[in-house]
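>
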Amino acid sequence: MRVYLGCGGYSNDDWTAPGLIYEGVKKDAYLDAYARHFDAVELNSSFYAIPGLKAFEGMARKSGGRTRFAVKLHRVFTHDRAPADADYDRMLQSPAPLRDAGLMGPYLAQFPYSFHRTADNRKYLLALAERFAGHELAVELRHASWDKPEVREGMGEFGLIWVSPDYPPVGGMPEPQVHVTGDVGYLRLHGRNEGSWWEGKSAAERHDYLYNRAEMDEWAEKIALVAEDLSELYVFFENTTKGHALKNIPMLREALNARGVPVATPDPGDDGRLL
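Position 2, counted from 1, in the sequence shown is what this note's numbering calls 3; the numbers after and before it change by one each time, with no gaps.
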């Protein structure tokens, strides 16, 4: 199993704090600096506006061919749920430079908590799977009504990747387990800040959480149990606030290696920055 570790997004200005990876780095060089430390990134900007070909060409170039990109679907697919043919065309065609460079990871469909398991929503998810057939599509379903073996079995039949989550213990959402629906696994670690998950005014506030070593050991154990079932596993830390993710990734990497799950440590080169 090849493990890819990264963060939810890379344009984080609070990573310019002393000792973090963007200290003294200009904004247009963030991706280059990021790619020296992590071999995967979840692209958040595509949720708000689908980048064009030139933007994706720039990402491939600035990352130096070192980082896989998981591309989040635009909100029209997951929150508005009214995509036009032009939206599908742009979403499927624009990342071509990443595919050509061998840097394309799965697409990510991040559905909101309000997307319950109803007959209409099941039909919509099937239609989405059909339109993205031939492409890896990871699906995050935040309402607990989807957290059933038969749902994951159906997703596997249609080539969808179940997103295994770690949420704060607030109830009503899927359990923190690694589930396998195909050759590729996908894990999103949101932190466990239960006090701000529902009440937080921003994503940064909701994800303000630093995992401790015992929590990283817990996830390493769960990952090790499915290592023989997957060819690739993407693990993305969403707790990017204050650089928490930057500190947690080395913890998980160490815990996985200790359990016989090999994870490469990128060489940041001579930039002199530490996590």
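Each residue gets a CB set at the ideal place from its N, CA and C atoms; glycine is no exception.
For the alpha helix (DSSP H) containing TYR89, name the first residue and the last one.
Within the sequence shown, residue 89 is the residue found at index 88, counting from 1. Per DSSP, TYR89 belongs to the alpha helix (DSSP H) from 86 to 94.
> GLN111 and LYS73 - do their beta-carbons sit closer together than 8 Å?
Against the sequence shown, residue 73 aligns to sequence position 72. Against the sequence shown, residue 111 aligns to sequence position 110. The Cβ atoms of LYS73 and GLN111 sit closer than 8 Å to each other.
> Check for me: the alpha helix (DSSP H) holding ASP121 runs from which residue to which?
Here the question's residue 121 lines up with position 120 in the sequence shown. Per DSSP, ASP121 belongs to the alpha helix (DSSP H) from 120 to 132.
> Please say whether ALA139 and ILE162 have beta carbons closer to each other than 8 Å?
By one-based count along the sequence shown, residue 162 stands at place 161. By one-based count along the sequence shown, residue 139 stands at place 138. Yes, Cβ-Cβ distance for ILE162 and ALA139 is below 8 Å.
> Measuring CB atoms only, is the stretch 169 to 179 touching the stretch 117 to 127, in the sense that at least three cross pairs come out at less than 8 Å?
Contact annotation: the stretch 169 to 179 does not touch the stretch 117 to 127, with fewer than three C-beta pairs closer than 8 Å.
> With distances taken Cα to Cα, identify the nearest neighbour of PRO113 among HIS144, ARG153 and MET105.
The residue labelled residue 113 in the question sits at position 112 within the sequence shown. Of HIS144, ARG153 and MET105, the residue nearest in Cα terms is HIS144.
> Using only CA atoms, which one of ARG67, ARG69, GLY65 and ALA87 lies nearest to HIS75?
By 1-based counting over the sequence shown, the position of residue 75 is 74. Cα-wise, what sits closest to HIS75 is ALA87.
> What is the DSSP secondary structure of ARG214, reduced to helix, strand or coil?
On the sequence shown, residue 214 is found 213 positions in, with the first residue counted as 1. Looking at ARG214 - three-state DSSP - the assignment turns out to be helix.
> For GLU229 and ARG260, what's the separation of their Cα atoms in angstroms?
For this step, residue 229 is matched to residue 228 along the sequence shown. For this step, residue 260 is matched to residue 259 along the sequence shown. Rounded to whole angstroms, the gap between the alpha carbons of GLU229 and ARG260 is 13 Å.
> Helix, strand or coil: how does DSSP classify LYS73 here?
For this step, residue 73 is matched to residue 72 along the sequence shown. In this structure, LYS73 counts as strand in the three-state DSSP scheme.
> Below 8 Å on the Cβ atoms is my guess for ALA36 versus TYR23; work out the distance and round it to an integer in Å.
Taking the first residue of the sequence shown as 1, we reach residue 36 at position 35. Taking the first residue of the sequence shown as 1, we reach residue 23 at position 22. Contact flag wrong, Cβ pair sits at about 12 Å.
> Sorted by chain position, which residues of the same chain lie with C-beta nearer than 6 Å to GLY244's C-beta, five sequence neighbours on each side aside?
By 1-based counting over the sequence shown, the position of residue 244 is 243. Taken in chain order, the residues that qualify are TRP16 and LEU21.
> Once you ignore the five residues that flank ARG3 on each side, which residues in its own chain have a CB closer than 6 Å to its CB?
Residue 3 sits at position 2 when you count from the first residue of the sequence shown. Counting only Cβ-Cβ distances below 6 Å, and skipping sequence neighbours, we find GLU233.
> Take the Cβ of TRP199 as the centre, count every other Cβ of all protein chains shown within 10 Å, and call the residue buried at 16 or more, exposed below.
Taking the first residue of the sequence shown as 1, we reach residue 199 at position 198. Exposed, since its Cβ has fewer than 16 Cβ neighbours within 10 Å.
> Which class does PRO269 belong to by DSSP, given the choice of helix, strand or coil?
The residue you call residue 269 lines up with position 268 of the sequence shown. Three-state result, PRO269: coil.
> Identify, in the order they occur along the chain, each residue of the same chain with its Cβ nearer than 6 Å to the Cβ of GLU206, setting aside the five sequence neighbours on each side.
Residue mapping note: residue 206 aligns to position 205 of the sequence shown, counting from 1. Here the set comprises SER197.
> Could you check what DSSP says for PHE78 in three-state terms: helix, strand or coil?
Your numbering for residue 78 matches position 77 in the sequence shown. Of the three classes helix, strand and coil, the one that applies to PHE78 here is helix, per DSSP.
> Check GLY157 in the structure and name its three-state DSSP category.
Here residue 157 corresponds to residue number 156 of the sequence shown, with the count starting at 1. Helix at GLY157.
> Grab me the residues of ARG69's own chain with a C-beta within less than 6 Å of its C-beta, minus the 5 sequence neighbours each way, in chain order.
Within the sequence shown, the letter at position 68 stands for residue 69. Contacts found: TYR5, ALA41, LEU104 and GLY106.
> DSSP on ALA83, reduced to helix/strand/coil?
The residue given as residue 83 occupies position 82 in the sequence shown. If DSSP states are grouped into helix, strand and coil, ALA83 belongs with coil.
> Should PRO98 go down as buried or exposed, given a rule of 16 or more other Cβ atoms within 10 Å for buried?
What you label residue 98 is simply residue 97 of the sequence shown in a count that begins at 1. It is buried - the Cβ of PRO98 has at least 16 other Cβ atoms within 10 Å.
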